[in-house]
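One structure is given below, encoded as structure tokens.
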Amino acid sequence: MDDILEILENNARIEIEHLAKLTRKRGEEVKKMIKNYEKRGVIVKYKTVINKSRLRDERSVFALIEVRVTPQKDVGFDSIAQRIYRFPEVRSCYLLSGTYDLLLFLEGKDIQEIANFVSEKLAPLSSVKGTTSHFMLKKYKEDGVILVKDGKNKRLAVTY
Amino acid sequence: MVSKRVKKVSHSGIRAFFDLVLGMPEVISLGVGEPDFVTPWRVREKAITSLEEGFTSYTSNKGLKVLREDIAYHLKKKYALRYSPEDEILITTGVSEGLDLALRAILDPKDKVIVVSPHYVAYPALVELNLGEVLFLQTREKEGFKINTKKLEQLLVKYKPKAMILNYPSNPTGITYTENELKKLWRVLSDKEMLIISDEIYEDIFYKESHVCFASLKGAKKKVVLLNGFSKGCAMTGFRIGYACGPKEIIEAMMKIHSFGMLCAPIISQIAASEALKAKKEINLMVKEYKLRRDFIVKELNRIGLHTVMPEGAFYCFSCIEKFKLGDLDFAKALLLQENVAVIPGSAFGISYGGFIRISYANTLENLKEAVVRIERFLKNL
Ligand SMILES: Cc1ncc(COP(=O)(O)O)c(C=O)c1O
């Protein structure tokens, strides 16, 4: 992967000038490359990783839902996946090999809200054969980022 | 009570400066001589497992056989160098111990040892503690801090030293040598009756082609003690683990001292070191990160007026402060007190390097960026 992408993947808010210095390119050139990556859909979106468990008054519940479905003629899983991932409650949706087909990540205000989504919207779909819900108890790491606080740097401030 | 030999080794004014830095909690420190990364998880995990499995004993004096074999394999694969794990490799408690052992093994009182300056602080001190005499071979910024072979030749002819300590990539300058430069050096050294102690602890942290091991030069192996370790490349300073490779006779002598003075290196660290030799991917990631930082900091330092030779390895740069008319210690103190940024005065690495400071970029980019802002402000107010 290009240096620019590697740096942006870790820090989307880095200033263009700094990014240019790091990659030894001119600012203009870096801007052009980023624009190009955006156009090609390589860079999809810039988002912020928020550790919601640290917000005092804003609680939310996360759940993983395993979904077994019946694939449809000609379109396989894509069409039923689309039916499902278009629901705004579904934050991520993956097709997997193994004992179930689709894995969904859901976020809701509370357990009730997620339960309602599963029983009222998901389960009734005709291609859905069954679901299993897992509620998340604690997030340790997400997208390569460790969310629990690491200890302070333990080095001495000066050594030879 | 303290011996004359120990009293003679000076600590200089820099100790007090260190204490000053250590007393300031919020400082951005560019004065750290170790990686800012923690040891890769797979290595730490191996150490934890070894404890769980009850590996808490001594090992053979030479070190675990499997680690010696792993090191032999590593050197063969990387440099086509063949050392016998049986009698040409010794596991040490860091390169620090390896260095002390090598000097103790070969030095008689007043034997001379060439130290290339600016140098890692332990070199002259250990030579003196072992009653040897230090011959400083100064390198100059103008020559990219590389050894001038003419000057080296003069020293060799005039003093007939017993040994020379080489270190590349270098602490504190970050410079290193290409294969051709090393061959040129070897041509001057090869016909002399002496030992080359080659401290290659930064071998992994290298930004250009690849590191060339001194012992791998044609004909050099029999006159070289190769010192290496896991502290820097694999971010394992606290494990205290390294190794020495060399001619059988010298390794045997080093082993003798080691068996009485240290017994063996810690078994947990030895097991972890074996794993570290497999952590190529983790090491490469760290090196990539150092390179980004180097590119950033060197360009910035030069821009704000601190002339800096481009380092090709390690994580240091040695910046010139001569034009600011302030001694290195005063410069470092003022920078610390005014801007809360710590650097190491150049004279720590050789008395004639008071016109320099050592900047370590083993720190996050955010910190480096902020440090540059502060140093620039500091220089403007000078
Ligand atoms: C050039 C050099 N040699 C040796 C050492 C010490 O290494 P170890 O941790 O293996 O004792 C250092 C550490 O700063 C160093 O910079």
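Residue numbers (my numbering), protein chains in the order written: chain A, 390 to 549; chain B, 30 to 411. The beta carbon of each residue, even a glycine, is placed where N, CA and C say it ideally should be.
Check	Outcome
Kindly list, in the order they appear in chain B, the residues whose Cβ is closer than 7 Å to that of THR548/A.	VAL61, GLY62 and GLU63
Beta-carbon of ASN200/B versus every beta-carbon of chain A: anything under 9 Å?	yes
Would you say LEU128/B faces chain A, with C-beta separation under 9 Å as the test?	no
For GLY497/A, which beta-bridge partners are listed by DSSP?	VAL450/A
Taking DSSP as the reference, what is the three-state secondary structure of PRO374/B?	strand
Using Cβ-Cβ distances below 9 Å, what residues of the segment 400–417 of chain A are close to chain B?	ASN400, ILE403, HIS407, LYS410, LEU411, THR412 and ARG413
Mapping the DSSP letters down to three states, classify ASP137/B as helix, strand or coil.	coil
Can you check the segment 400–483 of chain A for any alpha helix (DSSP H) of at least 4 residues that lies completely inside it and give the ranges in chain order?	405–412, 416–428 and 467–474
Run through chain B and tell me which residues come within less than 8 Å of LEU545/A, C-beta to C-beta.	LEU51 and VAL61
Counting only C-beta atoms, is ASP392/A closer than 9 Å to chain D at any point?	Absent from the structure is chain D; the protein chains it does hold are A and B.
In the DSSP assignment, what residue or residues form a beta bridge with ARG387/B?	PHE347/B and ILE373/B
Can you tell me which residues form a DSSP beta bridge with TYR272/B?	ILE120/B and ASN257/B
Distance, Cα to Cα, PRO198/B vs SER113/B?	25 Å
Going along the chain, which residues of its own chain have a beta-carbon closer than 6 Å to the beta-carbon of LEU185/B, five neighbours each way excluded?	LYS221
Measuring only the C-alpha atoms, how far is ASN313/B from ASP532/A?	21 Å
Is it right to say PHE289/B is buried, meaning 16 or more other beta carbons lie within 10 angstroms of its own, or is it exposed?	exposed
What in chain A is Cβ-close to LYS398/B, meaning under 9 Å?	HIS407
Residues around ligand 1, please: the condition is that the C-beta lies closer than 6 Å to some non-hydrogen atom of it.	TYR549/A, GLY62/B, GLY123/B, VAL124/B, SER125/B, TYR149/B, ASN196/B, ASN200/B, ASP228/B, ILE230/B, GLY258/B, SER260/B, THR266/B and GLY271/B
Beta-carbon of ILE423/A versus every beta-carbon of chain B: anything under 9 Å?	no
So who's on the other strand from VAL241/B, going by DSSP bridges?	The partner list for VAL241/B (beta bridge, DSSP) is empty, contrary to what the question assumes.
Chain B beta carbons: is any one of them nearer than 9 Å to that of ILE396/A?	yes
Helix, strand or coil, according to DSSP, for THR337/B in the structure here?	strand
Going along chain A in order, which residues have a C-beta closer than 7 Å to the C-beta of LYS328/B?	LYS410
Measuring CA to CA, which of SER515/A, VAL458/A, VAL464/A and ILE473/A is closest to GLY487/A?	VAL458/A
Evaluate ASP539/A with the Cβ neighbour count: other Cβ atoms within 10 Å of its Cβ, from every protein chain shown; 16 or more gives buried, anything less gives exposed.	exposed
Can you say whether LEU444/A is buried or exposed, counting buried as having 16 or more other CB atoms within 10 angstroms of its CB?	exposed
Please report the straight-line C-alpha distance between LYS139/B and THR548/A, rounded to a whole angstrom.	30 Å
So which residues of chain A does SER381/B contact, with C-beta pairs closer than 8 Å?	The contacting residues do not exist; SER381/B stays about 18 Å from chain A at best.
Does DSSP put ASN200/B in a helix, in a strand, or in coil?	coil
Run down chain A in chain order and give the residues with a C-beta less than 7 Å from the C-beta of ILE373/B.	VAL547
Taking C-beta pairs closer than 9 Å, name the residues in chain B that ASN505/A reaches, listed in chain order.	Those within 9 Å of ASN505/A in chain B number zero; the least Cβ separation is about 40 Å.
I need the straight-line Cα distance from MET315/B to SER260/B, nearest angstrom please.	13 Å
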